[in-house]
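What follows is one structure encoded as structure tokens, with my remarks underneath.
There are 4 protein chains.
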Amino acid sequence: MRVNPEDYGIPAEYQHWEGDRAEDHNGPFFFRCHDNGVHTLFRVQGHNCNGHGGLHGGIMMLFADFTLCIAGTRGDQDDSVITVTCNNEFVGPASDGDLIEGHGEVVRRGGSLIFTRCTLSTGDQTILTASAVLKRLRN
Amino acid sequence: MRVNPEDYGIPAEYQHWEGDRAEDHNGPFFFRCHDNGVHTLFRVQGHNCNGHGGLHGGIMMLFADFTLCIAGTRGDQDDSVITVTCNNEFVGPASDGDLIEGHGEVVRRGGSLIFTRCTLSTGDQTILTASAVLKRLRN
Amino acid sequence: MRVNPEDYGIPAEYQHWEGDRAEDHNGPFFFRCHDNGVHTLFRVQGHNCNGHGGLHGGIMMLFADFTLCIAGTRGDQDDSVITVTCNNEFVGPASDGDLIEGHGEVVRRGGSLIFTRCTLSTGDQTILTASAVLKRLRN
Amino acid sequence: MRVNPEDYGIPAEYQHWEGDRAEDHNGPFFFRCHDNGVHTLFRVQGHNCNGHGGLHGGIMMLFADFTLCIAGTRGDQDDSVITVTCNNEFVGPASDGDLIEGHGEVVRRGGSLIFTRCTLSTGDQTILTASAVLKRLRN
Numbered sequence: 081m082r083v084n085p086e087d088y089g090i091p092a093e094y095q096h097w098e099g100d101r102a103e104d105h106n107g108p109f110f111f112r113c114h115d116n117g118v119h120t121l122f123r124v125q126g127h128n129c130n131g132h133g134g135l136h137g138g139i140m141m142l143f144a145d146f147t148l149c150i151a152g153t154r155g156d157q158d159d160s161v162i163t164v165t166c167n168n169e170f171v172g173p174a175s176d177g178d179l180i181e182g183h184g185e186v187v188r189r190g191g192s193l194i195f196t197r198c199t200l201s202t203g204d205q206t207i208l209t210a211s212a213v214l215k216r217l218r219n
Numbered sequence: 081m082r083v084n085p086e087d088y089g090i091p092a093e094y095q096h097w098e099g100d101r102a103e104d105h106n107g108p109f110f111f112r113c114h115d116n117g118v119h120t121l122f123r124v125q126g127h128n129c130n131g132h133g134g135l136h137g138g139i140m141m142l143f144a145d146f147t148l149c150i151a152g153t154r155g156d157q158d159d160s161v162i163t164v165t166c167n168n169e170f171v172g173p174a175s176d177g178d179l180i181e182g183h184g185e186v187v188r189r190g191g192s193l194i195f196t197r198c199t200l201s202t203g204d205q206t207i208l209t210a211s212a213v214l215k216r217l218r219n
Numbered sequence: 081m082r083v084n085p086e087d088y089g090i091p092a093e094y095q096h097w098e099g100d101r102a103e104d105h106n107g108p109f110f111f112r113c114h115d116n117g118v119h120t121l122f123r124v125q126g127h128n129c130n131g132h133g134g135l136h137g138g139i140m141m142l143f144a145d146f147t148l149c150i151a152g153t154r155g156d157q158d159d160s161v162i163t164v165t166c167n168n169e170f171v172g173p174a175s176d177g178d179l180i181e182g183h184g185e186v187v188r189r190g191g192s193l194i195f196t197r198c199t200l201s202t203g204d205q206t207i208l209t210a211s212a213v214l215k216r217l218r219n
Numbered sequence: 081m082r083v084n085p086e087d088y089g090i091p092a093e094y095q096h097w098e099g100d101r102a103e104d105h106n107g108p109f110f111f112r113c114h115d116n117g118v119h120t121l122f123r124v125q126g127h128n129c130n131g132h133g134g135l136h137g138g139i140m141m142l143f144a145d146f147t148l149c150i151a152g153t154r155g156d157q158d159d160s161v162i163t164v165t166c167n168n169e170f171v172g173p174a175s176d177g178d179l180i181e182g183h184g185e186v187v188r189r190g191g192s193l194i195f196t197r198c199t200l201s202t203g204d205q206t207i208l209t210a211s212a213v214l215k216r217l218r219n
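Chains as they are written, first to last, in the working numbering: chain U, 81 to 219; chain V, 81 to 219; chain L, 81 to 219; chain C, 81 to 219.
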């Protein structure tokens, strides 16, 4: 699947991670790595919303997990991690049509475990804080 | 939408929570309340899977959130809660076609906050432990 | 140091874990392993209390960590684990003089990581739920 | 009790929070508020150490809880919060004699709940990341 970020109002320099059906079924999700971590983007659609008409907390966690894992692999498709723990605080709401931005960083990269954190926001409002421990898979 | 649990190999006495588009887009998810909590069920499909071909951790968290919130509302469609925190440990994997079972319980129901816990499993293997604090919305 | 559980109103069959100065400085803490996990006990003293006169949440977390690690090692002084993550929900209060009971269990014992959970209670009131991932140290 | 930070090699402009016996029994702990959060300091002593001779994880959580609550109250002795949840990742170790530094920030201050995060470090090494939801007590 060739996914075009501009179809979702997202700048063309953002990349799409290939091959994750669950993420594509809810997203697509986009990312861009920089020196200190990763910046991710996602446009909320109606099928991401809960019974209150807002972005579902579970979809926030799905996008947080994407952000944390991309931070852990630095967006390298040949690298591979699994999530061991993921803790989330739901700081505020988001709505259909909103652009959700994630900022992920690695706190420490150990031999087998990687400690990561992220925040999700829309506009200038933080909506989620999350932290994860990832385990590196040996290829 | 009338959703039939038997279409997913799930017993007819399980209920479907109406009106959550994000859950229906990934599920559907089913539940049955009992005296000490809630039992939930979900059949993994291909669009729930990650790049390794297993159930995506984010979808596990989405289903855990469903399980924890149904425990908090006791499945009452007139009751309403939002998730404040959700912590998850990824204990084991699950695969396309697996039946995922959730067991949710309320640890304490306070005036404004509800403390809940759940486990997800498939067969006799636990795949996720989670805990959440929910906030009651006044109707 | 020879520590006598009966000095703290705790049955004589409970054991003391030897050699942890931080735990002895705040406890002492006692444990008893059984087939499905561990039962721990601790008597609250004035120096465990916060400015509101109740058991300090940080001391609850210290005792939860003890309970989770004893569950992970099954109380074997020759075994050794470190805590990787510890998540805590503060469900209710406790007071000076209360007997705090912990119930810890292993959810899954992997090759390098152990998943554990516990609850702390006093009388019939749960005061804390916690979960941890532990890492086994090779001796 | 009049506590002098310089007795612990801590600059004189740091303040001591009065009236918490559990913290003084393990600390004392010191803090200094600034525009974007709080900076806290604590000198590790032998009675803070575990059986491996390092700073006990439970004492790290106690000091994280102090840091998170001071961030929530901005160090105002007339303000009061309780911790609802506290999640912790143990990123690295610390030793007897080390100076532990905490950096706490408020992510969002709501009407009844406050979302906070902190990191603990020694030298240039992060040793713990933590996040908490606090509940404001009405005076």
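Virtual Cβ for every residue (Gly too), placed ideally from N, Cα, C.
What three-state label does DSSP hand residue i in the structure shown?
i, result
"G152 of chain C", "helix"
"E98 of chain V", "coil"
"H114 of chain L", "strand"
"H119 of chain U", "strand"
"A144 of chain V", "helix"
"G137 of chain U", "helix"
"N130 of chain U", "coil"
"N167 of chain C", "strand"
With respect to the alpha helix (DSSP H) encompassing residue i, which residues constitute its N-terminal and C-terminal limits?
i, result
"A174 of chain U", "From DSSP, A174 of chain U is part of no alpha helix (DSSP H); its letter is neither H nor E."
In the DSSP assignment, find the beta strand (DSSP E) that holds residue i and state where it starts and stops.
i, result
"V186 of chain V", "L179 to R189"
"A210 of chain L", "Q205 to R216"
"I90 of chain L", "No beta strand (DSSP E) holds I90 of chain L; DSSP gives it neither H nor E."
"F195 of chain L", "L193 to T202"
What residues from chain D crowd round residue i, counting only those whose CB sits closer than 8 Å?
i, result
"V213 of chain C", "Absent here is chain D; the protein component of the structure consists of chains U, V, L and C."
Could you name the residues of the same chain whose beta carbon sits closer than 8 Å to that of residue i, not counting the 5 residues immediately before and after it, in chain order?
i, result
"F170 of chain L", "G137, M140, I207 and L208"
"N116 of chain C", "E185"
"G190 of chain L", "none"
"G89 of chain C", "R123 and L179"
"R154 of chain V", "C113 and V118"
"I162 of chain L", "L214, K215 and L217"
Starting from the C-beta of residue i, find all residues in its chain whose C-beta is less than 7 Å away, skip the five residues before and the five after it, and write them out in chain order.
i, result
"N106 of chain V", "N128, I139 and L142"
"S201 of chain C", "E181 and I207"
"Y94 of chain C", "P85, F110, F111, R112 and L121"
"E98 of chain V", "Q157"
"V83 of chain L", "H96 and P108"
Less than 6 Å between C-beta atoms, sequence neighbours within five positions excluded: which residues of the same chain meet that for residue i?
i, result
"S211 of chain C", "N167 and R197"
"R218 of chain V", "none"
"D176 of chain L", "V124, G126 and C129"
"P173 of chain U", "G134"
Got a sec: does the ligand NAD put a non-hydrogen atom nearer than 8 Å to the Cβ of residue i?
i, result
"K215 of chain V", "As for the ligand NAD, it is missing from this structure, which has no ligand bound."
(Q) Counting only Cβ-Cβ distances shorter than 8 Å, please list the residues of the stretch 159 to 171 of chain V near chain U, keeping chain order. (A) Answer in chain order: S160, I162, T163, V164, T165, C166, N167, N168, E169 and F170.
Q. Which residues, in chain order, does the stretch 120 to 137 of chain U contribute to contact with chain V at a C-beta distance below 7 Å?
A. G126, H127, N128, C129, N130, G131, H136 and G137
Q.
Give me the subset of the stretch 183 to 207 of chain U whose CB atoms are less than 8 Å from a CB atom of chain L, sorted by chain position.
A. Those residues of the stretch 183 to 207 of chain U placed with their C-beta closer than 8 Å to a C-beta in chain L are S192 and L193, ordered along the chain.
Q) If contact means a Cβ-Cβ distance below 9 Å, which residues of the stretch 101 to 113 of chain U contact chain V? A) Contact annotation: in the stretch 101 to 113 of chain U, residues whose CB is within less than 9 Å of a CB in chain V are R101, A102, E103, D104, H105 and N106.
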